[in-house]
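For the sequence shown, my numbering begins at 20 and goes up steadily by one. Backbone N, C-alpha and C define an ideal beta-carbon position, used for all residues, glycine too. Please read all numbers here as calculations on a predicted model, not as lab measurements. These notes are about the structure you will find just below.
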Amino acid sequence: MAAAEAAAADADDDLLADREQCPPIPQAKVVLLVNNFVINTVELANVFAASCEDRLAAIAQRISGVELGLALLEAKLNSVPGVADVAAGAPPPEDPRAR
Numbered sequence: 020m021a022a023a024e025a026a027a028a029d030a031d032d033d034l035l036a037d038r039e040q041c042p043p044i045p046q047a048k049v050v051l052l053v054n055n056f057v058i059n060t061v062e063l064a065n066v067f068a069a070s071c072e073d074r075l076a077a078i079a080q081r082i083s084g085v086e087l088g089l090a091l092l093e094a095k096l097n098s099v100p101g102v103a104d105v106a107a108g109a110p111p112p113e114d115p116r117a118r
């Protein structure tokens, strides 16, 4: 194990030595790369936000349709005599023919 760790340490030292011999990256190239990264990231975020907004609008439309359908069903149920009393928890009226 110690030999493997020593070999890894030597390899790291060689990489550091090689890196010190390399010339630095020009500042203009670094700025170009960073700007390119920022532009691509912002474009991705904008596309994602637009997609989420479209999906949210579609879901809001579906919810509105369901609410409208529910209101229509409630109105139909309330138009039937005696159903409103049952829904409110009152006992149903007795049918005189049942006796």
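For Cys71, does the three-state DSSP call read helix, strand or coil?
Start at 1 with the first residue of the sequence shown, and residue 71 comes out as number 52. DSSP places Cys71 within a helical segment (H, G or I) once states are collapsed to three.
Using the three-state DSSP reduction, which class does Ile44 fall into: helix, strand or coil?
What you label residue 44 is simply residue 25 of the sequence shown in a count that begins at 1. Ile44: coil per DSSP, three-state reduction.
When DSSP labels each residue in this structure, what does Gly101 get in the three-state scheme?
To locate residue 101, count along the sequence shown from 1; it is residue 82. Gly101 falls in the coil class under three-state DSSP.
Contacting residues, own chain, Cβ-Cβ under 7 Å from Pro43 (five flanking each side not counted):
Sequence index remark: in the sequence shown, residue 43 carries index 24 (1-based). Cβ within range, chain order: n/a, list empty.
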